[in-house]
Amino acid sequence: MVSMRLNWIVSAVLLVLASCSGNRNGTETKQPERVVDVPASSADSAYFFVRKQVAFGPRVPNTEPHRRTGEYLVETLKRYGATVTVQEFQAQSFDGQKLNLRNIIASFFPDKQKRILLAAHWDTRPFADKDKEKPNVPFDGANDGASGVGVMLEVARVLSTSAAPQVGVDIILFDGEDWGEYEGTESAGKLPSGYKEWWCLGSQYWASHKHKSGYSAYYGILVDMVGANGAKFYREGHSLQYAPTIVDKVWKRAAKLGYSNVFVQQNAGAIVDDHVFVSTMGKIPMIDIVHYDPVIGFFGDFHHTQKDNMELINAETLRIVTDVVLNVVYYEE
Numbered sequence: 011m012v013s014m015r016l017n018w019i020v021s022a023v024l025l026v027l028a029s030c031s032g033n034r035n036g037t038e039t040k041q042p043e044r045v046v047d048v049p050a051s052s053a054d055s056a057y058f059f060v061r062k063q064v065a066f067g068p069r070v071p072n073t074e075p076h077r078r079t080g081e082y083l084v085e086t087l088k089r090y091g092a093t094v095t096v097q098e099f100q101a102q103s104f105d106g107q108k109l110n111l112r113n114i115i116a117s118f119f120p121d122k123q124k125r126i127l128l129a130a131h132w133d134t135r136p137f138a139d140k141d142k143e144k145p146n147v148p149f150d151g152a153n154d155g156a157s158g159v160g161v162m163l164e165v166a167r168v169l170s171t172s173a174a175p176q177v178g179v180d181i182i183l184f185d186g187e188d189w190g191e192y193e194g195t196e197s198a199g200k201l202p203s204g205y206k207e208w209w210c211l212g213s214q215y216w217a218s219h220k221h222k223s224g225y226s227a228y229y230g231i232l233v234d235m236v237g238a239n240g241a242k243f244y245r246e247g248h249s250l251q252y253a254p255t256i257v258d259k260v261w262k263r264a265a266k267l268g269y270s271n272v273f274v275q276q277n278a279g280a281i282v283d284d285h286v287f288v289s290t291m292g293k294i295p296m297i298d299i300v301h302y303d304p305v306i307g308f309f310g311d312f313h314h315t316q317k318d319n320m321e322l323i324n325a326e327t328l329r330i331v332t333d334v335v336l337n338v339v340y341y342e343e
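Start counting the sequence shown at 11; every next residue gets the next number (this note's numbering).
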């Protein structure tokens with residue numbers, strides 16, 4: 011009788027505990043998400059970084075503005091405490107030019123094994139081939155290139171002045187992204203060995219020649235054309251193909267921050283950008299946060315035109331993108 015009574019008591023206790031662990035519908039209670047103190051970014055600071063790049067002039071490879079901008083980027087990242095690696099290489103353009111290029115890699119918290127890769131491209135296209143009036147001359151590239159780099163520099167600044175996240179962060183500024191074929195044409199030239207496209211030369215080179223032997227990251231986030239007035243970011247096709255869980259992570263984090271009107275929970279088509287080669291050749295799943303207009307399509311009507319200048323750039327857009335990236339990084343365990 012004693013053992014039966016004990017069994018009855020134990021069963022009753024377990025039943026009470028089970029009922030306490032669920033809700034009235036009998037389902038398990040969802041644990042609240044941990045709260046992380048994520049450092050805030052500065053809209054003015056991010057805007058300054060974009061304006062600084064544009065002030066050098068179009069960052070076309072093999073030009074003085076390109077060289078001076080590269081030096082500025084290296085110096086700035088070092089000033090923010092990053093371990094900086096400059097990966098110099100040469101690549102051939104679709105029109106037969108030999109380009110002297112530099113990928114700039116900045117590593118934060120190198121002792122942390124789990125790493126997140128963040129990226130943008132810092133070069134400018136050598137001609138505004140979508141511009142009806144001046145298609146054959148360079149343009150400022152305030153959004154196409156400088157905005158993504160501005161976000162990355164602001165992330166670096168925040169990391170240098172804040173408590174460390176639980177993961178390591180590597181920032182790569184790819185070169186030679188934008189010297190692809192003329193709009194609406196295809197090159198008859200043969201691609202050099204090791205390259206799959208005339209676009210995204212820097213990310214293709216890095217994916218085959220990583221700056222550190224055996225380097226990998228848990229996942230990557232690419233930002234491209236992220237500073238325009240009224241910009242919206244849809245879920246890009248190749249991102250969904252190669253890193254669907256990371257797309258969900260980023261867009262859900264944006265929604266929690268109240269930015270669903272900017273990070274729109276709708277799928278869009280696929281584009282060739284640096285994330286494709288990091289994902290396929292570099293074997294690191296990477297997504298692309300990139301401007302999309304549901305009427306025009308990707309990039310906007312300023313893309314590869316003289317309208318891509320500082321008048322287009324909105325400091326608040328830059329801040330929103332930076333905050334989303336920082337929140338994703340700081341909530342990573």
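Ideal Cβ positions, reconstructed from N, Cα and C, are used throughout, including at glycine.
Since we're looking at a predicted model, the values are computed, not measured.
Just curious, the beta strand (DSSP E) that histidine 131 is in, first and last residue? 125-131
In chain order, what residues of the same chain lie with their CB nearer than 8 Å to the CB of threonine 79, ignoring the 5 residues before and after it? Gln63, Phe66, Arg69, Trp132
Glycine 212: first and last residue of the uninterrupted alpha helix (DSSP H) it sits in: 211-218
In this structure, does DSSP put threonine 287 in helix, strand or coil? It is phenylalanine, not threonine, that sits at residue 287 in the sequence shown. It is helical.
Buried/exposed call for serine 218, threshold 16 Cβ in 10 Å: exposed
Would you kindly check if the distance between the Cβ of aspartate 298 and the Cβ of glutamate 246 is under 8 Å? yes
Endpoints, alpha helix (DSSP H) assigned at lysine 62: 53-65
Which class does glutamate 43 belong to by DSSP, given the choice of helix, strand or coil? coil
Could you say which of Asn110, Gly106, Thr93, Gly91 lies nearest to phenylalanine 99 if we only look at CA atoms? Asn110
Are the beta-carbon atoms of phenylalanine 104 and glycine 190 separated by less than 8 Å? yes
Relative to the C-alpha of asparagine 72, which residue among Gly91, Asp54, Gln102 is closest? Gln102
I need the straight-line Cα distance from valine 272 to alanine 152, nearest angstrom please. 19 Å
Cα-Cα, which of Ser52, Lys108, Ala129 is closest to serine 117? Ala129
Identify every residue that forms a DSSP beta bridge with phenylalanine 273. Phe243
State whether the stretch 141-159 contacts the stretch 312-320, with contact taken as three or more CB pairs (one from each stretch) at a distance under 8 Å. yes
Beta-carbon within less than 7 Å of threonine 86's beta-carbon, same chain only, minus the 5 sequence neighbours each way: which residues are those? Leu163
Just to confirm, does asparagine 271 get its C-beta within under 7 Å of one of the non-hydrogen atoms of the ligand NAD? By its list of ligands, the structure shown contains no ligand whatsoever, and the ligand NAD lies outside what it can speak to.
Quick check: the stretch 206-215 against the stretch 280-295, are there 3 or more CB pairs under 8 Å? yes
Under 8 Å by Cβ, that's how I've got tyrosine 340 and valine 48 pegged, so tell me the actual separation to the nearest angstrom. 4 Å
Terminal residues of the continuous beta strand (DSSP E) containing leucine 336? From DSSP, leucine 336 is part of no beta strand (DSSP E) but of the alpha helix (DSSP H) over 325-341.
In three-state terms, what does DSSP make of valine 179? strand
So, is glutamine 7 buried or exposed, given that buried needs 16 or more other C-beta atoms within 10 angstroms? Residue 7 is absent from the model: the chain starts at 11 and stops at 343.
Just mark leucine 127 as buried or exposed, buried being the case when its beta carbon has 16 or more other beta carbons within 10 Å. buried
Closest by CA to lysine 88, which one among Arg167, Val159, Phe59, Gly237? Arg167
Beta-ladder partner(s) of isoleucine 297, from DSSP: Ile231
Helix, strand or coil for glutamate 98? Go by DSSP, reduced to three states. strand
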